[in-house]
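A.B. asks: One structure, pasted below without further comment.
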Amino acid sequence: MSLAAELEQFRGEAVTQIEACADRDQLEEARIALLGRNGRLKELSKAFGQASPDEKRELGRKLNEVNTAVKDAFAAKQSALKRSLDASPIDVTEPRDNQRVGSIHPISQVAKAVEDVFSSMGFDIVDGPHIEEDEYNFGRLNIPADHPARDSQDTFWLSTGKLLRTHTSSVQSRTYPDAELPLRKVVVGKVFRYEEVDATHDNTFTQVEGFIVDKGITVANLVGTLRTMISAVLERDDVEVRLRPSFFPFVEPGFEVDVRVLGAEGRLANWVELLGCGMIHPEVLKQGGIDPDEYQGFAFGLGLERLTMIRHGIQDIRLFNGADLRGLHQFSA
Ligand code: DAH
C-alpha cells in the first residue's frame with residue numbers, strides 16, 4: 010500500500026477509535042497509541058523520511074492534514090466527555106439495584122386471611138379504640154370492679170382513669186347499645202397486658218373477636234364458624250375442633266377450643282389449645298340493651314399471634330414485635 014493510502018486509512022481508523030472512547034482513561038490510551046512517541050503516526054512519519062523529495066511535497070501536506078484531523082478529533086472528544094461529566098453529576102438519590110423489597114408482616118397476612126373468611130360469611134369488620142373505658146373493657150362484660158377475673162388481665166392504666174384494652178371483647182360492649190339486630194361482627198386489633206415477656210407472652214399482641222346476635226343461635230353455629238375460620242387460615246379441610254367447658258364471665262356456657270389437623274404429621278397432629286368462646290351471657294346482652302329472651306348469640310376471642318405460630322411453626326412470640334428482619338423476611342408473601 011502506498012504511504013498516502015496508509016495515511017488515509019490511519020485517519021479513518023484513528024477518528025473511529027477516538028469517537029468510540031467512553032471515558033477519559035480510554036481516550037488517553039487511544040492518544041498514546043495513535044499520537045504518542047511510539048504511536049502509529051510516528052511510525053508513518055518515519056516512512057515519510059525515506060520518500061523521495063518529489064514525493065515528500067505531496068506526502069508532507071497529507072501528513073499534516075491527517076495529523077490535524079486526528080488531533081481535532083481528540084480535542085473534540087475530550088470536550089464532549091467533559092461536557093457529559095458536567096451535565097450528569099452523581100445522583101445520590103438514584104435507587105441502588107440491590108434494594109431489598111419489603112414484605113407483609115406475618116400477623117398482617119393472617120389478619121387478612123381471617124377478615125376475608127369472615128367477610129365471606131357475612132360478618133362486618135369493625136374496630137374500637139385502644140384506649141378504653143373500664144366500663145367497656147370490664148364492667149359491661151360482667152366483670153365488676155372486685156371480680157377476680159380482672160387479675161388475669163392486668164393492664165396499663167392511664168392517669169385519666171382509662172386503660173389500654175386488654176382484649177377485643179371491649180368491642181362487643183361498645184357495639185351492642187346502638188346495634189341493628191341481627192348482627193355479625195368481627196374485629197382484629199391490638200390488645201395490651203401488663204405481662205412479663207417470654208416466648209409465649211407479649212405485652213402487645215393481636216386478638217380476633219367474633220360475635221353474632223340473632224334468633225335461634227346455638228353452639229352448633231359457633232363450632233361451624235370456628236371450623237370454617239381455622240380451616241381457611243391453616244389452608245386445610247381436615248381440621249377437627251374440640252370444646253372443653255371453661256369459664257369466661259361474659260359467656261354462658263363458656264368453652265375452651267382445641268384444634269388438630271387429621272391428616273397432618275408433627276405439631277398439627279396433636280390437640281393445641283387455640284381460643285375461648287361461648288354463648289353470650291344474658292347479662293351482657295341486657296347491659297347492651299338487648300332482650301336475652303328474644304335474642305341469643307355466640308362470641309369467641311383468640312390470639313392472632315398464637316394462630317400464626319401454629320400456622321408457621323413459629324416457636325417464639327417475640328419474633329412479631331422484635332423487628333428482626335431475618336425472622337420476618339421468611340414469611341414474605
Ligand atoms: N376476651 C378473652 C381473653 O382475652 C377471650 C375470649 C374468651 C373472648 C371467650 C370471647 C369469649 O369472646 O367468648 O382472654
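For the sequence shown, my numbering gives the first residue as 10, with consecutive numbering after it.
All residues carry an ideal CB built from backbone N, CA and C; glycine is no exception.
#1: Name, in chain order, the residues that DSSP records as bridge partners for Glu265.
#2: By the three-class DSSP mapping on this structure, what secondary structure does Gln59 have?
#3: Using the three-state DSSP reduction, which class does Arg183 fall into: helix, strand or coil?
#4: Can you give the beta carbon distance from Phe307 to Ile221, rounded, assuming they're within the 8 Å contact cut?
#5: Going residue by residue through the stretch 26 to 95, where are the continuous alpha helix (DSSP H) segments of at least 4 residues, counting only ones entirely within it?
#6: Counting C-beta neighbours from all protein chains within 10 Å, is the total for Asp211 16 or more, i.e. buried, or is it exposed?
#7: Relative to the alpha-carbon of Thr7, which residue among Gly310, Phe309, Ile326 has its alpha-carbon at the smallest distance?
#8: Could you name the residues that DSSP lists as bridge partners for Ile221?
#9: Let me know the secondary structure DSSP gives Val232 once reduced to three states.
#10: Within this structure, are the beta carbons of Pro254 and Glu265 separated by less than 9 Å?
#11: Below 8 Å, can you find three or more Cβ-Cβ pairs linking the stretch 182 to 199 to the stretch 160 to 169?
#12: Among residues of its own chain, excluding the 5 on either side of Thr237, which ones have a beta-carbon nearer than 7 Å to its beta-carbon?
#13: With a threshold of 8 Å, are at least 3 pairs of Cβ atoms found where one atom belongs to the stretch 277 to 285 and the other to the stretch 296 to 307?
#14: Going by C-alpha distance, which of Asn151, Asp246, Thr175 is nearest Phe214?
#15: For Glu141, list the residues DSSP reports as bridge partners.
#16: At the level of alpha carbons, what is the spacing between Asp207 and Ile99?
#17: Name the two residues that bound the continuous alpha helix (DSSP H) containing Val119.
#18: In whole angstroms, give me the CA-to-CA distance for Glu244 and Thr209.
#19: Check Ile323 in the structure and name its three-state DSSP category.
#20: Is there contact between the stretch 101 to 111 and the stretch 143 to 159, where contact requires at least three CB pairs shorter than 8 Å?
#21: Skipping 5 residues on each side, what residues in its chain have a beta carbon closer than 6 Å to that of Asn151?
#22: Please confirm whether Ala23 and Arg46 have their CB atoms less than 9 Å apart.
#23: How many angstroms separate the CA atom of Pro154 from the CA atom of Ser161?
#24: Decide if the stretch 63 to 80 is in contact with the stretch 13 to 27; the criterion is three or more beta carbon pairs, one per stretch, under 8 Å apart.
#25: From the DSSP output, read off the bridge partner residues of Asp213.
#26: Over the uninterrupted alpha helix (DSSP H) stretch that includes Val293, give me the two end residues.
#27: Let me check you understand the geometry: is the CB of His176 closer than 8 Å to at least one non-hydrogen atom of ligand 2?
#28: When you compare each of His114, Glu189, Val270 to Val250 by their alpha carbons, which one comes out closest?
#29: Checking 9 Å against the spacing of the C-beta atoms, do Lys199 and His139 come in under that value?
#30: Assuming Gln216 contacts Gly336 under a Cβ cut-off of 8 Å, what Cβ separation, rounded to an integer in Å, is found between them?
#31: Do Ala56 and Glu15 have their C-beta atoms within less than 9 Å of each other?
#32: Determine the burial state of Thr25: buried for a count of at least 16 other Cβ atoms within 10 Å of its Cβ, exposed for fewer.
#33: Thinking Leu284 and Gly310 are a contact (beta carbons under 8 Å), I'd like their distance in whole angstroms, please.
#34: Under 9 Å, do Ile27 and Ala39 count as touching if we go by C-beta distance?
C.D. replies: Let's see:
#1: What you label residue 265 is simply residue 256 of the sequence shown in a count that begins at 1. Glu265 is bridged to Arg253, Gly285.
#2: The sequence position of residue 59 within the sequence shown is 50, counting from 1. Coil, per DSSP.
#3: Against the sequence shown, residue 183 aligns to sequence position 174. In the structure shown, Arg183 sits in a helix (DSSP, three-state: H, G or I).
#4: Taking the sequence shown and counting its residues from 1, the one referred to as residue 307 is at position 298. Taking the sequence shown and counting its residues from 1, the one referred to as residue 221 is at position 212. The distance from the Cβ of Phe307 to that of Ile221 is about 6 Å, consistent with a contact at the 8 Å cut-off.
#5: As summarised for the stretch 26 to 95, the continuous alpha helix (DSSP H) elements at least 4 residues long and confined to that stretch are 33 to 44, 49 to 58, given in chain order.
#6: What you label residue 211 is simply residue 202 of the sequence shown in a count that begins at 1. A residue is called buried when at least 16 other Cβ atoms come within 10 angstroms of its Cβ; Asp211 meets this threshold and is buried.
#7: The structure shown does not extend to residue 7, since the chain spans only 10 to 342, so no value can be given for it.
#8: By one-based count along the sequence shown, residue 221 stands at place 212. Paired residues: Arg193, Phe307.
#9: To locate residue 232, count along the sequence shown from 1; it is residue 223. Residue state, collapsed to three classes: helix.
#10: Here residue 254 corresponds to residue number 245 of the sequence shown, with the count starting at 1. Here residue 265 corresponds to residue number 256 of the sequence shown, with the count starting at 1. Yes, these two residues count as a Cβ contact at 9 Å.
#11: These segments do not touch.
#12: Walking along the sequence shown from the start, residue 237 turns up at place 228. Correct list, in chain order: Val126, Met130.
#13: A contact is defined here as three or more CB-CB pairs under 8 Å, and the stretch 277 to 285 fails this definition with respect to the stretch 296 to 307.
#14: Position 205 of the sequence shown holds residue 214. Considering only alpha carbons, the answer is Thr175.
#15: Counting from one through the sequence shown, the residue named residue 141 turns up at place 132. Beta-bridge pairing links Glu141 to Leu172.
#16: By 1-based counting over the sequence shown, the position of residue 207 is 198. By 1-based counting over the sequence shown, the position of residue 99 is 90. Those two C-alpha atoms are separated by around 48 Å.
#17: On the sequence shown, residue 119 is found 110 positions in, with the first residue counted as 1. That run of the alpha helix (DSSP H) goes 115 to 129.
#18: For the purposes of this step, residue 244 is taken as the residue at position 235 of the sequence shown. For the purposes of this step, residue 209 is taken as the residue at position 200 of the sequence shown. Distance between the alpha carbons of Glu244 and Thr209: 24 Å.
#19: Your numbering for residue 323 matches position 314 in the sequence shown. Assigned with DSSP and collapsed to three states, Ile323 falls in coil, not helix or strand.
#20: In short, these stretches do not touch, since the Cβ pair count stays below three.
#21: Here residue 151 is taken as the residue at index 142 of the sequence shown, counted from 1. Within its own chain, the residues whose Cβ lies closer than 6 Å to the Cβ of Asn151, once the five positions on either side in sequence are excluded, are Pro258, Phe259, His290, Glu292, Val293, listed in chain order.
#22: Position 14 of the sequence shown, counted from the first residue, corresponds to residue 23. Position 37 of the sequence shown, counted from the first residue, corresponds to residue 46. Between Ala23 and Arg46, the gap from beta carbon to beta carbon reaches 9 Å or more.
#23: Here residue 154 refers to the residue found at position 145 of the sequence shown. Here residue 161 refers to the residue found at position 152 of the sequence shown. Looking at the sequence itself, residue 154 is Ala, so the reference to Pro does not match. Distance between the alpha carbons of Ala154 and Ser161 is about 13 Å.
#24: Between the stretch 63 to 80 and the stretch 13 to 27 there are three or more C-beta pairs closer than 8 Å, enough to call the two in contact.
#25: Here residue 213 corresponds to residue number 204 of the sequence shown, with the count starting at 1. Strictly speaking, residue 213 in this sequence is Thr, with Asp absent from that position. Per DSSP, Phe201.
#26: By 1-based counting over the sequence shown, the position of residue 293 is 284. It spans 291 to 296 - the alpha helix (DSSP H) in which Val293 sits, taken as one unbroken run.
#27: Among the ligands in the structure shown, ligand 2 does not appear; only ligand 1 can be found there.
#28: Taking the first residue of the sequence shown as 1, we reach residue 250 at position 241. The residue from His114, Glu189, Val270 with its alpha-carbon nearest to that of Val250 is Val270.
#29: The residue given as residue 199 occupies position 190 in the sequence shown. The residue given as residue 139 occupies position 130 in the sequence shown. Yes. Within cutoff.
#30: For the purposes of this step, residue 216 is taken as residue 207 along the sequence shown, with counting starting at 1. For the purposes of this step, residue 336 is taken as residue 327 along the sequence shown, with counting starting at 1. The C-beta distance from Gln216 to Gly336 rounds to 22 Å, too long to meet the 8 Å contact threshold.
#31: Along the sequence shown, read from residue 1 onward, the residue named residue 56 stands at position 47. Along the sequence shown, read from residue 1 onward, the residue named residue 15 stands at position 6. Result yes, Cβ atoms of Ala56 and Glu15 sit closer than 9 Å.
#32: Taking the sequence shown and counting its residues from 1, one reaches residue 25 at position 16. By the Cβ neighbour-count rule, Thr25 is exposed, with fewer than 16 other Cβ atoms within 10 Å of its own.
#33: Mapped onto the sequence shown, residue 284 falls at position 275. Mapped onto the sequence shown, residue 310 falls at position 301. Contact between Leu284 and Gly310 is confirmed by a C-beta separation of about 6 Å, below the 8 Å threshold.
#34: On the sequence shown, residue 27 is found 18 positions in, with the first residue counted as 1. On the sequence shown, residue 39 is found 30 positions in, with the first residue counted as 1. Ile27 places its beta carbon less than 9 Å from that of Ala39.
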